[in-house]
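Some notes on the structure that comes next.
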Amino acid sequence: MTTSGPQIARTDPAGSKAPPRNPVIIGGLGGSGTRVVAQFLQLHGYHIGENLNSACDSMDFEPLFKPHIPRVLKATKSANFAYEDLPSDVTRGLAGDFEKCLNLFTTRPGYSYGQPTGWKNPRSLYLWPAYDAFLDTPRFILTIRDGRDMTLSRNTRQFRKYSDLVLGRRWFWSRTRKMLEFWARINSETVDWCKSVLPDRFLVVRYEDACTDPDRELERIGRFVGSDRHCLTQDIVRPTVNIGRYKDSDAARIDSANIRAALARFGYTDRQ
32 MTTSGPQIAR
42 TDPAGSKAPP
52 RNPVIIGGLG
62 GSGTRVVAQF
72 LQLHGYHIGE
82 NLNSACDSMD
92 FEPLFKPHIP
102 RVLKATKSAN
112 FAYEDLPSDV
122 TRGLAGDFEK
132 CLNLFTTRPG
142 YSYGQPTGWK
152 NPRSLYLWPA
162 YDAFLDTPRF
172 ILTIRDGRDM
182 TLSRNTRQFR
192 KYSDLVLGRR
202 WFWSRTRKML
212 EFWARINSET
222 VDWCKSVLPD
232 RFLVVRYEDA
242 CTDPDRELER
252 IGRFVGSDRH
262 CLTQDIVRPT
272 VNIGRYKDSD
282 AARIDSANIR
292 AALARFGYTD
302 RQ
């Protein structure tokens, strides 16, 4: 939580529709498993919103992303930045727009102040420093999936929208290499920011771990959010044949120092 800049929802005003304390925000690159984590959060008794799409994204916050993520990335080219250091032309309107989105979320019938609350928007990770400035002690869960497998995903929205803003055009790179460099950069910078600013308020969940041992990951998330519920994942996670599918693709042959470092950092060297 920053100590300067606009502060939204830092007090505890009376009323059942007051903004939440300690909300859990789920983000990650598209196709990394954020829906599974959101459903795990629900098993622990969390309210994740009512205006959800089929992927469990909170649509109340979607209006924030189109205007503000490009502005932030043009200024920072990074997911690791201090909100208070952003120029005024970048932050202009961000706090007010966030407050409008939060108001939509909290005034819906199913929300009540005091209940465990969180929400999922994969693209929110580009604005997490702003979320930390605006909310009362938020916690963050980053979902990660092997970037080599993700190069074969049809969910490339973030890559198409933001990779040039972060990496530049890079015409001499193949599409596969650029996707991997983007994966390495964004996930590494997000974790770097979390470690430096809120080391006790973030958790990384790997999609592969959620698939191979879902009950263990459900328990990890429970410990992180302080839930004492004992629950099972039931049919939320099903075995997938897509883990490791990169091995017969170009992604298996792409190599760079940044990609190698990120794969090792997130524990993916064992499947190379």
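Here the sequence shown stands for residues 32 to 303, numbered as in my numbering. Beta carbons are placed, not taken as given, at the ideal position from N, Cα and C, and that holds for glycine. Only a predicted model underlies this, so the values are computations on that prediction, with no experimental measurement involved.
Residue pairing by DSSP places GLY59 opposite THR174 in a beta bridge.
Spanning the alpha carbons of PHE112 and TYR157 requires a straight line of approximately 10 angstroms. With contacts defined as CB atoms closer than 7 angstroms, PHE129 and GLY80 fail to qualify as a contacting pair. With a 10 Å radius around the Cβ and a threshold of 16 neighbouring Cβ atoms, THR300 comes out exposed.
For ASN273, the closest alpha carbon among the candidates PRO160, THR182, TYR144 is that of THR182. Taking the Cβ atoms as the reference, GLY58 lies roughly 14 angstroms from ASN186, outside the contact range of under 8 angstroms. Contact between the segment 203 to 219 and the segment 287 to 295 is present: 3 or more CB-CB pairs across the two stretches fall below 8 angstroms.
With respect to the 7 angstroms criterion, LEU104 and TYR193 are classified as neighbours on the basis of their beta carbons.
Boundaries of the beta strand (DSSP E) around ARG237: 233 to 237. Taking LEU234 as the centre and dropping the five residues before and after it, the same chain places the C-beta of ILE172, PHE255 closer than 6 angstroms to its C-beta, in chain order.
For PHE96, the closest alpha carbon among the candidates GLN73, CYS132, GLY76 is that of CYS132.
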